[in-house]
Each structure stands twice: as C-alpha cells, then as structure tokens.
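Trainee: Take this structure first; my questions come after.
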Amino acid sequence: MLKKARDEMPESVFESERFEIPKVTGHIQGNKTIISNFLVIANTLGRSPEHLLKYILKELATPGTLRGNNLILGAKVPASRINEKIRKYATEFVLCPECGKPDTKIIKEGDVTYMRCQACGAKHPVKSMKASLS
C-alpha cells in the first residue's frame, strides 16, 4: 500500500531543490518605484499577479498599478522592504505550514478560503483579501 501511495504522489514531492523567491529588480524614478520583474515573482510563487499586487500595496500602504510587466509604486520604497513583504506573502499564501513546500493552491469553499497543499494534502484556512484568487 505504501508503494502504491508513493507512486500516486506528484513528482514535485520528491524534488529536493530549494524554493527560491526572486529578488525584486527595478529602479526609482522621481518619486515612484518601478519593479520590472513583478510578473516573474508572481509566476514563481504560483499566484495571480493581481492577488500579489493587492497584498503588496496593502502592506506597503502605497498606491500602485500594474503596467505591462512592471509594477509602479507611487512612493519611493527600498527593495529590501519590498522583498520582506514578498517573503511574508509567501509564508502566508504560498508555503504549506505542514511540510513547508510551495506546492499549494488557494481554493474557496463557501465563504472560507483555504490553502491546499498538493504535496502533503494539508488544508489550512487563509485570510481572505477579497481579491480574485487563482
């Protein structure tokens, strides 16, 4: 039975490579901060850019828009602070609290939003941001 269970698990469970969140790249232009690899970060995390955007803007308490591949923040924000908020987002909405793997999906059942781990099968409620979740 154990062999059968192992055979039915996704390949990603057995991969030992470390999950790494890309650091933000961008520049400050006037009183705005432009992040040029925002979509790459959202894809790496496996979440919609809109969900990540809403979280980042709320955490940084600054206005911002997504234009093409760039995130444009309406304030001068150091890259270290943005990276810190993205790490916090990954802990809350991406990494499984049980096994620590990033193989999770956000699902909505009724009024409750859950994070379900594809690797270990754990299901944990997450706080909803009233955004479109993927």
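For the sequence shown, numbering that gives the first Met the number 0 begins at 0 and goes up steadily by one. Just so it is clear, CB atoms sit at the ideal spot from N, CA and C, and this is done for glycine as well.
1) Under three-state DSSP, which class holds E108?
2) Report all residues from its chain with a CB closer than 6 Å to the CB of T112; omit the five preceding and five following residues, and keep chain order.
3) Alpha carbon to alpha carbon, how far is D110 from K122?
4) Would you mind reading off the limits of the beta strand (DSSP E) that contains N69?
5) For G25, I'd like the list of residues in its chain whose CB is within less than 6 Å of its CB, leaving aside the five on either flank, ordered along the chain.
6) Per DSSP, what kind of secondary structure is T103 in: helix, strand or coil?
7) Could you tell me which residues DSSP pairs with G25 in its beta bridges?
8) List the DSSP bridge partners of L65.
9) Starting from K53 and walking both ways along the alpha helix (DSSP H), at which residues does that stretch end?
10) Can you say whether R46 is buried or exposed, counting buried as having 16 or more other CB atoms within 10 angstroms of its CB?
11) Can you give me the Cβ contacts of A74 inside the same chain, cut-off strictly under 6 Å, excluding the 5 residues immediately before and after it?
Mentor: Per the coordinate set shown:
1) In this structure, E108 counts as strand in the three-state DSSP scheme.
2) V125, S127
3) 15 Å
4) 69-72
5) I33, I34, S35
6) strand
7) Answer is I34, bridged to G25.
8) L70
9) Note, K53: alpha helix (DSSP H), 48-59.
10) buried
11) T61
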